[in-house]
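K.L.:
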């Protein structure tokens, strides 16, 4: 099964960056001119849970918030990425360890459905339709705007293209973004998959597909000669602004050291990251459906599997993340939930299925600094999102191929012959009114589990740059004097943000962040790092997520003496 990671709740709050280096590569077209200038107290790039959390808190304080998002849905994991299942940990529920924004979100979900769990899924306490996740979360933002007398400026279908700095070259002065809409006579947005549109979205030029609006974001009320007085927040799914600003970061597996004794690689591997997933929704039907094999299916079929013998059941996999199950439901149970019946809708997010796992220098998704230079993306006006488009395309094919395997396949790559049967009484849900909101049926954006992680400033014991390693979260007491003096807010945010929606970025005053936090943000000015792009190793993340008490100990609620766990990464097909 694909393990859901809450790291998408994280953000990196930035008031400034170092000047991007000029890279070699192809010459990019110049900026065609600014169509619109927008003032903000906070500019949040990325409308996932991280961006929504920051916007929610900031609106309650009366701030003017500009929120950009590459898709047209807010919520990321619970909406545009389609992974609409709240994987609360038992310890969290027992101790009510959730912030108020998360509690409000789940309350509204239950009120909307008038059910405790509309999906009756066995992996989560609450599975729901991604489209509802967007609608409810956006309503929360509008209510926060009214309650706090703030201003929300929402920019869907918008990507950040460039940055400019002040005279000191330490703070962002302006941010240039591109918003796209369907060109006259072109199909609606979300007709084509992301791999077909992402490069167009990052180009200034209009196309047969899109009309473009070039937007320049600037600080509210700042004089031209004054230092920028705003926050620019990187809440993108892959840490785009970190790469665009040439902030030191790492990608992939960290090398095996005494700080990370469970690393899967002795030397480290920047290309082998945790897999990413295009989710989709499928509906159980009363009658068999015609299932058409994609042309590319034979290429991916040798990968698909139920994974383990105790999971070798279509009913188990269907109900794993079932997101809608109308009543009355069958009394017969599987894994403690009702068996599938006509009308049920299942969202698929499965390791040996639509979880795509490239792992080499020629197929990795998140480009490394060297690869960005080689492709010219660090040139002026050269930024194109920092992702490998071919990897996106193959992941989309793999996901659609997995649907066909589920309903019509008869092979199993891990368990052998005689395990997999056909289940033709199902259909892939497609169309702009489908749960994923796309004509092709795949999520609008893939569900990411790993992003760029900044390299912190050198500190005691971390000469090459501060990093939260595996031994830090397994053998250390984060209430002791050393860790409290090093970066207390970093550790507190790490623990809290794993627990819910609005745990971080509580901007309650005009004060700048405590300088002690800068230890985790080498090369940044006035910054706070939290979770996704924090200076941390992958083993530390996976251990903290598997051990909720350890996560709580980071916040100062316990000792956190869990033993190290050895983790395995599997890349490639």
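Residue numbers (my numbering): 2 to 574. Backbone N, C-alpha and C fix where the C-beta goes; we use that ideal spot for every residue, glycine too. The structure displayed is predicted, hence computed values, not measured ones.
Give every residue of the same chain whose Cβ lies closer than 7 Å to the Cβ of residue 194, excluding the five residues on either side of it in the sequence, and list them in chain order.
P.N.:
Excluding positions up to five away in sequence, the list reads 397, 441, 443.
K.L.:
For the stretch 76-87 against the stretch 274-288, are there 3 or more C-beta pairs whose distance is under 8 Å?
P.N.:
Yes, they touch.
K.L.:
With distances taken from CA atoms, which of 317, 418, 289 is nearest residue 122?
P.N.:
Residue 317 is the option with its Cα nearest to residue 122.
K.L.:
What does DSSP give as the partner residue(s) for residue 213 in the beta ladder?
P.N.:
Looking at the DSSP assignment, residue 213 forms a beta bridge with 181.
K.L.:
Quickly, what does DSSP pair residue 254 with across the bridge? List them, please.
P.N.:
Paired residues: 270.
K.L.:
Going by CA-CA distance only, name the one from 72, 433, 537, 289 that's closest to residue 452.
P.N.:
Of 72, 433, 537, 289, the residue nearest in Cα terms is 537.
K.L.:
Quick one: Cα of residue 418 to Cα of residue 189, how far?
P.N.:
One C-alpha to the other measures close to 43 Å.
K.L.:
Can you check DSSP and say which residues form a bridge with residue 37?
P.N.:
According to DSSP, which records beta bridges pairwise, residue 37 is partnered with 216.
K.L.:
Alpha carbon to alpha carbon, how far is residue 66 from residue 249?
P.N.:
Computed Cα separation, rounded: 27 Å.
K.L.:
Which runs of the beta strand (DSSP E) at least 3 residues long sit entirely within the stretch 38-121? Give them in chain order.
P.N.:
For the stretch 38-121, whole beta strand (DSSP E) runs of length 3 or above, ordered along the chain, are 43-46, 65-69.
K.L.:
Run through DSSP, which three-state label would residue 391 get?
P.N.:
In the structure shown, residue 391 sits in a helix (DSSP, three-state: H, G or I).
K.L.:
Considering residue 160, what are the terminal residues of the beta strand (DSSP E) in which it resides?
P.N.:
Unbroken beta strand (DSSP E) run through residue 160: 159-166.
K.L.:
Which residues share a DSSP beta bridge with residue 281?
P.N.:
Paired residues: 349, 443.
K.L.:
DSSP three-state label for residue 235, please.
P.N.:
Correct three-state label for residue 235: strand.
K.L.:
Could you check which residue in 321, 324, 343, 322 has the C-alpha nearest to that of residue 331?
P.N.:
Nearest of 321, 324, 343, 322 to residue 331, Cα basis: 343.
K.L.:
I'd like the span of the beta strand (DSSP E) that includes residue 411, first residue to last.
P.N.:
Counting along the chain, residue 411 falls outside any beta strand (DSSP E), and DSSP gives it neither H nor E.
K.L.:
Could you tell me the alpha carbon to alpha carbon distance between residue 157 and residue 340, rounded to whole angstroms?
P.N.:
Cα to Cα, the separation comes out at about 38 Å.
K.L.:
Report the residue from 196, 262, 68, 202 whose alpha carbon sits nearest the alpha carbon of residue 181.
P.N.:
If we check each option's Cα against that of residue 181, 202 comes out closest.
K.L.:
Quick one: grab the DSSP three-state call for residue 378.
P.N.:
DSSP places residue 378 in coil when its eight states are reduced to three.
K.L.:
Would you tell me roughly how many angstroms separate the C-alpha atoms of residue 364 and residue 378, rounded to the nearest one?
P.N.:
The alpha-carbon atoms of residue 364 and residue 378 are separated by roughly 17 Å.
K.L.:
Can you give me the C-alpha to C-alpha distance between residue 426 and residue 405, rounded to a whole angstrom?
P.N.:
Their backbone Cα atoms lie some 12 Å apart in a straight line.
K.L.:
Taking the alpha helix (DSSP H) that residue 192 falls in, what are its first and last residues?
P.N.:
Premise fails: residue 192 is in no alpha helix (DSSP H) and is neither H nor E.
K.L.:
Report the three-state DSSP secondary structure of residue 21 (helix, strand or coil).
P.N.:
In this predicted model, residue 21 has a pLDDT of only 30, less than 50, meaning its place in the structure is not dependable; the value taken from the coordinates is given anyway. Residue state, collapsed to three classes: coil.
K.L.:
Please name the residue in 60, 174, 430, 445 whose C-alpha comes closest to that of residue 290.
P.N.:
For residue 290, the nearest C-alpha among the options comes from 430.
K.L.:
Provide the residue span of the beta strand (DSSP E) that contains residue 429, from first to last.
P.N.:
Looking at the DSSP string, the run of the beta strand (DSSP E) that includes residue 429 is 427-429.
K.L.:
Kindly indicate the opening and closing residues of the alpha helix (DSSP H) around residue 143.
P.N.:
Where residue 143 is concerned, the enclosing alpha helix (DSSP H) stretches over 131-149.
K.L.:
Ends of the alpha helix (DSSP H) at residue 320?
P.N.:
Counting along the chain, the alpha helix (DSSP H) containing residue 320 begins and ends at 315-321.
K.L.:
Alpha helix (DSSP H) containing residue 242: first to last residue?
P.N.:
Where residue 242 is concerned, the enclosing alpha helix (DSSP H) stretches over 241-245.
K.L.:
For a cutoff of 8 Å on Cβ pairs, would you count residue 440 as touching chain B?
P.N.:
Note that chain B does not occur in the displayed structure, where there is just one protein chain.
K.L.:
Reducing DSSP to helix, strand and coil, say where residue 537 ends up.
P.N.:
Reduced to three states, the DSSP call for residue 537 is strand.
K.L.:
Taking the beta strand (DSSP E) that residue 152 belongs to, which residues open and close that run?
P.N.:
Per DSSP, residue 152 belongs to the beta strand (DSSP E) from 152-156.
K.L.:
Which first and last residues belong to the alpha helix (DSSP H) in which residue 298 is found?
P.N.:
Run containing residue 298: 298-301, per the alpha helix (DSSP H) assignment.
K.L.:
Given 8 Å as the limit, is there contact between the stretch 380-398 and the stretch 306-325, that is, 3 or more CB pairs closer than that?
P.N.:
No: the two stretches stay apart, fewer than three of their Cβ pairs being nearer than 8 Å.
K.L.:
In this structure, how does DSSP classify residue 28 when only helix, strand and coil are distinguished?
P.N.:
Note that residue 28 scores 41 on pLDDT, short of 50, meaning its location in the model is unreliable and no value can be drawn from it.
K.L.:
Could you give the DSSP three-state label for residue 417: helix, strand or coil?
P.N.:
If DSSP states are grouped into helix, strand and coil, residue 417 belongs with coil.
K.L.:
Would you say the stretch 123-133 touches the stretch 104-114, given that touching needs at least three Cβ pairs under 8 Å?
P.N.:
Counting Cβ pairs under 8 Å, three or more are found: they touch.
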